[in-house]
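J.: In my numbering, the protein residues as written are -15 to 186. The beta carbon of each residue, even a glycine, is placed where N, CA and C say it ideally should be.
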Amino acid sequence: MKEGTIVRADAVENREAILNAAWRLFSTHGIDVSRRAIAKEAGVGVATLQRHFPTQQDLAMGVIEHGKTLVADLYTAHPDAWDARDTATQAWEDIITRIIDLGIGAFATQLIPTLLVDGKRTHEADQLLAELLGAATTFMDRGRRWGLIRDDLTPLDFHLILAATSRPLPQPINAEAPQFMSQMTRIVIDGLKAPDAGARTR
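1. Considering only residues of the same chain and omitting the five flanking positions on each side of M124, which have a CB-CB separation below 8 Å?
2. What would DSSP say about K177, mapped onto helix, strand or coil?
3. For R126, does the three-state DSSP call read helix, strand or coil?
4. What's the C-alpha gap between E(-13) and A(-7)?
5. For G46, which residues of its own chain have a beta-carbon under 7 Å away from its beta-carbon, when the five flanking residues on both sides are left out?
6. Considering only residues of the same chain and omitting the five flanking positions on each side of R8, which have a CB-CB separation below 8 Å?
7. What does L100 pair with, by DSSP beta-bridge criteria?
8. In three-state DSSP terms, what is G46?
9. If distances are taken between C-alpha atoms only, which option among Q163, I145, V172 and V(-4) comes closest to H50?
10. So, is L98 buried or exposed, given that buried needs 16 or more other C-beta atoms within 10 angstroms?
11. How about L95 and A44: are their beta carbons less than 8 Å apart?
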């Protein structure tokens, strides 16, 4: 392997490690966590983080794009599961649970200003949103076939529901009710179902 290829591969790995670390820390501590803490969590130096994301705005945008990729990839999981009710239901519930477990609700509202200029969405934000809602539409259509989601919900409605559900409890409360998030996820999954879910056959 050529030296330049190795360097590029290392750079890609470092960038991915930084984004994963930022996501974890943002979801537990909010977006004001220090860059030093993010670098430490990622296992890289502060200078490496600085090279990839010179400003906090760059880092925030990177995390948003990273989140879009994570969620869009989840929407396409289990591609062969949708032709039978049992496998479709299992796939639907697994994907929704994994999206909620990402914990984006903990810091999504803090990142919104990153996507706005003078109170309006940027072109980049519009593009990200369109890609995400497009992926959600395909996923919802698969679930709708089996009555797993109501007909009156839009892709944006769906995302807002999942984001709101994914907001974690404060740690002291979570320690007292560790089962709450799984219970809430179950309630959301059941609440999303169409009234005639059991009657749909294909």
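T.: So, from the listed chains and residues:
1. Hits under 8 Å: I133, L137, P139 and F142.
2. Looking at K177 - three-state DSSP - the assignment turns out to be coil, as it is neither helix nor strand.
3. R126: helix per DSSP, three-state reduction.
4. The predicted model places E(-13) with a pLDDT of 48, which falls under 50 and marks its position as unreliable; any figure quoted below should be read in that light. One Cα belongs to E(-13), the other to A(-7), and the distance between them is close to 10 Å.
5. Beyond the five residues adjoining it in sequence on each side, G46 comes within less than 7 Å, by CB distance, of L3 and F37 in the same chain, given in chain order.
6. These residues qualify, in order along the chain: E25.
7. In the DSSP output, where bridge partners are listed per residue, L100 has R105.
8. Helix.
9. Per the Cα distances, V(-4).
10. Reading off the sequence, residue 98 comes out as Thr, not Leu. Label assigned to T98: buried.
11. With contacts defined as CB atoms closer than 8 Å, L95 and A44 qualify as a contacting pair.
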